[in-house]
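Heads up, the thing below is written out as structure tokens.
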Ligand code: G6P
């Protein structure tokens, strides 16, 4: 089908704005009144010992996020690797391993090679893809489509949130099988998931505020992203998005690593974007923000209402997101990360949909 910009200036803007709809489609595909309706994985999650996840780029950050979910919700140990490292390191894949490959296109050469390496070693080969008849999907025992629809913008947006959505459902399924999640905890997460399209719609209202922050970020040469726990992979994704399309050097660190290096970079010229809903780790992140501010660094805090109230006066900018269960925060906070990158690129006048030197799908090494 022909895809046009539907009145948006860029495919990226359209694909960001489409997220309430595609998330709703994906949830309709995988969530019924009774609960999670994923196809039978053909494997007992209670009987596997570990999950190995492999991907490139944004899909790799989706895997890193999912590691927290599989480990915390399902008690399943997870190894995550970049496909180009994994395939040449030729790591041992022991019996009891399920291998999971995440790829928007389903055609990324390194990810496909990693899958083929695992084919005769892993108990089961899963994939999470956007293109159901792609090579990666065809060579998997089970391919779960993310239902994001065609993604044209080179910088992945809606595919990322839809990957997270399916990975979370899979982690919940594993948690169920492993008897790790109380029905109450599960229902709370499912309730939050069902509400997520509406929450995304509400969060899209922050567009103006984020554009205002972005006009300032556009003046920076370097930008630091910080996050803890589930927000750490998201900080990585936020930095990747920003450098891909605005060409500003951006780096992400786990907040706790700040004092082990990146704090040396902080001065008034280096804005620091902190992704931190008011979860169990928030207070620790507040200390990290204070360390940044004490050195003249400008903090943009992306948080919820409680976090905004607790953040203190010295924070340079606050982007306030709707409140969601902690587990869902990485899906929702992908939106401000995308909008920050988008508006910064617009302020810089770069080609948002076709950034220099990048390809949508890397099918050769
Ligand atoms: C390219 C794209 C990225 C994408 C990565 C992995 O680098 O520019 O946006 O995340 O490939 O692609 P895949 O199709 O495997 O998700």
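Residue numbers (the UniProt record's numbering): 241 to 605. A virtual CB, placed ideally from N, CA and C, is assigned to each residue, including glycine.
Rounded to the nearest angstrom, what separates residue i and residue j at their Cα positions?
| i | j | result |
| --- | --- | --- |
| residue 413 | residue 276 | 7 Å |
| residue 395 | residue 314 | 31 Å |
| residue 317 | residue 588 | 42 Å |
| residue 548 | residue 558 | 7 Å |
| residue 272 | residue 427 | 12 Å |
| residue 485 | residue 376 | 27 Å |
| residue 460 | residue 483 | 12 Å |
| residue 452 | residue 516 | 20 Å |
| residue 462 | residue 595 | 18 Å |
| residue 369 | residue 567 | 22 Å |
| residue 539 | residue 554 | 8 Å |
| residue 266 | residue 458 | 34 Å |
| residue 502 | residue 467 | 13 Å |
Helix, strand or coil: which one does DSSP assign to residue i?
| i | result |
| --- | --- |
| residue 579 | helix |
| residue 288 | coil |
| residue 273 | coil |
| residue 547 | helix |
| residue 561 | coil |
| residue 493 | strand |
| residue 388 | coil |
| residue 369 | strand |
| residue 447 | helix |
| residue 538 | strand |
| residue 382 | strand |
| residue 339 | strand |
| residue 295 | strand |
Using a Cβ-based criterion (distance less than 6 Å to any ligand heavy atom), does residue i qualify as near ligand 1?
| i | result |
| --- | --- |
| residue 344 | yes |
| residue 305 | no |
| residue 598 | yes |
| residue 299 | yes |
| residue 333 | no |
| residue 371 | no |
| residue 380 | no |
| residue 540 | no |
Ordered along the chain, which non-local residues of its own chain (more than five positions away) have a Cβ less than 8 Å from that of residue i?
| i | result |
| --- | --- |
| residue 404 | 302, 305, 306, 570, 571 and 574 |
| residue 579 | 256, 446, 447, 450, 451 and 454 |
| residue 562 | 439, 442, 443, 544 and 572 |
For residue i, which residues of its own chain have a beta-carbon under 6 Å away from its beta-carbon, when the five flanking residues on both sides are left out?
| i | result |
| --- | --- |
| residue 333 | 358, 361 and 362 |
| residue 494 | 472 |
| residue 364 | 283, 338 and 381 |
| residue 290 | 317 and 337 |
| residue 600 | 394 |
| residue 605 | 349 |
| residue 603 | 347 and 349 |
Below 7 Å CB to CB, which residues in the same chain sit around residue i once its five sequence neighbours on both sides are set aside?
| i | result |
| --- | --- |
| residue 401 | 259, 263, 571 and 574 |
| residue 351 | 294, 295, 296, 323, 341, 343 and 376 |
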